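The next block holds one structure in the form of structure tokens; read it before the comments.
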Amino acid sequence: MMLRAAGKRLIAGGQASPAVAAPAAAAAMRRGYHERVVDHYNNPRNVGTMDKDDPDVGTGLVGAPACGDVMKLQIRVDEASGKIVDARFKTFGCGSAIASSSVASEWVKGKQMEEVVAIKNSEIAKHLSLPPVKLHCSMLAEDAIKAAVKDYEAKKKAKLAMADE
Numbered sequence: 034m035m036l037r038a039a040g041k042r043l044i045a046g047g048q049a050s051p052a053v054a055a056p057a058a059a060a061a062m063r064r065g066y067h068e069r070v071v072d073h074y075n076n077p078r079n080v081g082t083m084d085k086d087d088p089d090v091g092t093g094l095v096g097a098p099a100c101g102d103v104m105k106l107q108i109r110v111d112e113a114s115g116k117i118v119d120a121r122f123k124t125f126g127c128g129s130a131i132a133s134s135s136v137a138s139e140w141v142k143g144k145q146m147e148e149v150v151a152i153k154n155s156e157i158a159k160h161l162s163l164p165p166v167k168l169h170c171s172m173l174a175e176d177a178i179k180a181a182v183k184d185y186e187a188k189k190k191a192k193l194a195m196a197d198e
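Sequence positions in the sequence shown follow the numbering used here and run 34 to 198.
In structure tokens, the structure reads:
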């Protein structure tokens, strides 16, 4: 699969073959994408889904109407420690959106909830060297993290309320 400046790609598993990835990476670099964007696009980390009905899973689904990017980030939280033990994502969007999702899924693992809600889009954008026109991709990643945490906390609150009844 090749990185296209304005193209969309659904990440649902699988990877580009090395024969395709190398020319795609070279072409992307010529178009100004940072090597980290190319790496996370060609080799996305943590692609997949979790059971959204699992009480230990929080799901954040966000989108950007202006460009059509849609990002779903799921986190699995260890209830005893409060740490995020796993993360998965699926994104329909440009290379920068996919790379932002991939980075976000890596950054949340092993962290406490308070730590992940402090992750800012500017940190993701800086890490990936996103140009101003692609900053909305890192904003989606930040929003997806916050939405996943909010969903998990709502499930936890509902679970506690049911236990009190």
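Built from N, CA and C at the ideal position, the CB exists for glycine as well. Note that the structure is predicted; figures quoted are calculated from it, not measured.
Backbone CA spacing between residue i and residue j [nearest angstrom]
{"i": "Asp184", "j": "Arg109", "result": "11 Å"}
{"i": "Glu198", "j": "Lys188", "result": "16 Å"}
{"i": "Arg78", "j": "Ala130", "result": "13 Å"}
{"i": "Val182", "j": "Gly93", "result": "8 Å"}
{"i": "Asp89", "j": "His73", "result": "27 Å"}
{"i": "Ile117", "j": "Val141", "result": "7 Å"}
{"i": "Val103", "j": "Ala97", "result": "7 Å"}
{"i": "Glu112", "j": "Ser138", "result": "19 Å"}
{"i": "Tyr66", "j": "Pro164", "result": "9 Å"}
{"i": "Glu147", "j": "Cys100", "result": "30 Å"}
{"i": "Glu186", "j": "Glu68", "result": "36 Å"}
{"i": "Asp119", "j": "Ser134", "result": "14 Å"}
Status (buried if at least 16 other CB within 10 Å, exposed otherwise) for residue i
{"i": "Asn154", "result": "buried"}
{"i": "Gly143", "result": "exposed"}
{"i": "Gln145", "result": "exposed"}
{"i": "Ser114", "result": "exposed"}
{"i": "Leu193", "result": "exposed"}
{"i": "Lys105", "result": "buried"}
{"i": "Asp87", "result": "exposed"}
{"i": "Met195", "result": "exposed"}
{"i": "Asn76", "result": "exposed"}
{"i": "Gly91", "result": "buried"}
Whole-Å CB distance - residue i paired with residue j, under 8 Å assumed
{"i": "Val136", "j": "Ile178", "result": "Contact doesn't hold; Cβ gap of about 11 Å is too wide."}
{"i": "Val70", "j": "Gly128", "result": "6 Å"}
{"i": "Ala132", "j": "Leu161", "result": "6 Å"}
{"i": "Val95", "j": "Ala191", "result": "Contact flag wrong, Cβ pair sits at about 22 Å."}
- Indicate whether the contact test is met: 3 or more Cβ pairs, each with one atom in the segment 79-87 and one in the segment 165-176, closer than 8 Å. No, they do not touch.
- Message: Count Cβ pairs between the segment 155-164 and the segment 116-128 that sit closer than 8 Å; are there 3 or more?
- Response: The answer is no - the segment 116-128 does not touch the segment 155-164, with fewer than three Cβ pairs under 8 Å.
- Query: Enumerated in chain order, which unbroken segments of the alpha helix (DSSP H) with a length of 4 residues or greater are wholly contained in the segment 107-177?
  - Reply: 128-141, 146-149 and 154-161, all fully within the segment 107-177.
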